[in-house]
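Residue numbers (this note's numbering), protein chains in the order written: chain V, 46 to 299; chain F, 187 to 408. Even for Gly, the Cβ is constructed at its ideal location relative to N, Cα and C. Below is one structure, written out as structure tokens, with a few remarks after it.
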């Protein structure tokens, strides 16, 4: 009797800990968090990123609940929904900046806040650009790259700026730039990515001109092709001839 | 760990250099506040000598509180703070780097200028030395406690007043033993005991304040 009870409990715990379709055929509970960092070091076998039964509350208002979302390698997910539906909140949850009301966001089966390999490979660009007005374009970018352990020399950085059409402004103070130019500087971080990392982008197309949108489209499709993941929101319609996003509509989860 | 610390520390110093006037304001406040006392209290050297350590310490405390307001607020507003917490470096590293930068920009100049103000109050050489050492041990504590207060009140209205109300009571031990060291040496005793307690307080603050501030930052960003 008591043996049966404990078996049941053990079974329930295993299921609660691993409610996701496993990335490996490994069904026993031998997947330990300690084994994961070595996994994430190999870009060919990046851990899975999935949200399970996510619910989000802002104040007393429930924004969405019961949201299941998996972002596969080489996939782009476009989060849609009306204003105030919780798109930004969802992105912040997935990035690990906030904790969900219910459910969890898992990176290889471990909640993102505790997964050691998650942050170093993540690129999160929110609706703010994280650029300091009193630094030059190069200095501001250099700081962000250093912070994220991605600074591999100024030649690469200049090449990235050139790719975003900013080479003439590289010595300018950030405060002298227009909104669109600031956005381009922030997005230059994407141009310097070479690994199939996870990109979480909040309205990346905001205030970009036609040429800027084209360059960002190029970066996004290139990233998806090399097996990276993209999770983004956008009010503008995406150019489906270049990008093939999977759509998630938050209006269906409230 | 090391790379994140250096990146944040170097950036904060560079930003302070770009806004020199703003960075100097707490020092100017210190200078003005300290020089008001002889005018208000009267010119008797004996009295001034007696109250000097207390005045210098209290003004240093207020100057540190004044400047700590903006420690995280600007980074919070422009999204830099999010980037720092998502960088894979622990929150403690970020907090430690920012508190160090704050001390370098405001605490260190206070320590260096304190002897000048001691002269203004007719303090003798030994007492000046003790005052400087007590400030050297005490001001890092003020930066760390202020950083904790700033993290707790991030995003709140009237955060400035709240920080002062939260942090001033916590800094009372530093004030007591800082001024006590000078009083001890003036009455012919050794200041070593006071130094030891200040050092112990500093170590305790180094061990606890960054942890608490990092947790508070996480909560503020929710």
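- With respect to residue 399 of chain F, residue 360 of chain F sits apart: the two C-beta atoms are not nearer than 8 Å.
- If you compare the alpha carbons of V/124, V/192, V/125 with that of residue 198 of chain F, the shortest gap goes to V/192.
- Proximity of residue 177 of chain V to chain F, defined by a Cβ-Cβ separation below 8 Å, is satisfied.
- Inclusion of residue 233 of chain V and residue 205 of chain V in the CB contact set at 8 Å is warranted, their separation being smaller than that value.
- Distance between residue 243 of chain V and residue 272 of chain V, taken at the CA atoms: about 10 Å.
- The distance from the Cβ of residue 222 of chain V to that of residue 230 of chain V is about 7 Å, consistent with a contact at the 8 Å cut-off.
- Residue pairing by DSSP places residue 218 of chain V opposite V/181 in a beta bridge.
- Relative to residue 245 of chain V, the option among V/142, V/199, V/298 whose CA is nearest is V/142.
- Excluding residues up to 5 positions away in sequence, 262 lie with their Cβ nearer than 7 Å to the Cβ of residue 284 of chain V in the same chain.
- Taking the C-beta atoms as reference points, residue 290 of chain V is found no nearer than 8 Å to residue 91 of chain V.
- Counting of Cβ neighbours within 10 angstroms places residue 280 of chain F among the buried residues, the total reaching 16 or more.
- Annotation: the continuous beta strand (DSSP E) that includes residue 247 of chain V extends over 243-247.
- Using a Cβ distance threshold of 8 Å, residue 120 of chain V and residue 269 of chain V count as a contacting pair.
- Contact between the segment 286-300 of chain F and the segment 319-337 of chain F is established, with three or more Cβ pairs separated by less than 8 Å.
- Using a Cβ-Cβ cut-off of 7 Å, residue 190 of chain F is close to 192 of chain V, given in chain order.
- Contact check for residue 388 of chain F against residue 295 of chain F fails: the beta carbons are separated by 8 Å or more.
- Per DSSP, the continuous beta strand (DSSP E) segment holding residue 109 of chain V begins and ends at 106-116.
- Using a Cβ distance threshold of 8 Å, residue 177 of chain V and residue 403 of chain F do not count as a contacting pair.
- In the DSSP annotation of this structure, the continuous segment of the alpha helix (DSSP H) that includes residue 216 of chain F starts and ends at 206-227.
- CA-CA distance, residue 256 of chain F to residue 189 of chain V, rounds to 20 Å.
- Just measuring C-alpha positions, the residue of F/275, F/271, F/283, F/284 sitting nearest residue 137 of chain V is F/271.
- In terms of beta-carbon proximity, residue 252 of chain F stays away from the interface with chain V, with every pair separated by 8 Å or more.
- Residue 266 of chain F has a beta carbon lying within less than 8 Å of a beta carbon in chain V.
- Between the C-alpha atoms of residue 276 of chain V and residue 116 of chain V there is a straight-line separation of about 8 Å.
- Residue 131 of chain V places its beta carbon 8 Å or farther from that of residue 294 of chain V.
- In this structure residue 150 of chain V is not in contact with residue 213 of chain V, their Cβ atoms being roughly 40 Å apart against a cut-off of 8 Å.
- By the beta-carbon neighbour count (other beta carbons within 10 angstroms, threshold 16), residue 298 of chain F is exposed.
- Look at residue 228 of chain F: its C-beta is not under 8 Å from any C-beta on chain V.
- Within chain F, the residues whose beta carbon sits less than 7 Å from that of residue 140 of chain V are 272, listed in sequence order.
- Shortest Cα-Cα distance from residue 281 of chain V to any of V/173, V/202, V/123 involves V/123.
- Linking residue 397 of chain F to residue 144 of chain V through their CA atoms gives a straight-line distance of about 19 Å.
- Rounded to the nearest whole angstrom, the C-alpha separation of residue 153 of chain V and residue 163 of chain V is 9 Å.
- Among the CB atoms of chain F, none fall inside 8 Å of the CB of residue 250 of chain V.
- Residue 109 of chain V is outside the set of residues whose beta carbon lies under 8 Å from a beta carbon in chain F.
- Contact between residue 320 of chain F and residue 353 of chain F fails: their C-beta atoms lie close to 19 Å from each other, not under 8 Å.
- Taking the Cβ atoms as the reference, residue 191 of chain F lies roughly 19 Å from residue 260 of chain F, outside the contact range of under 8 Å.
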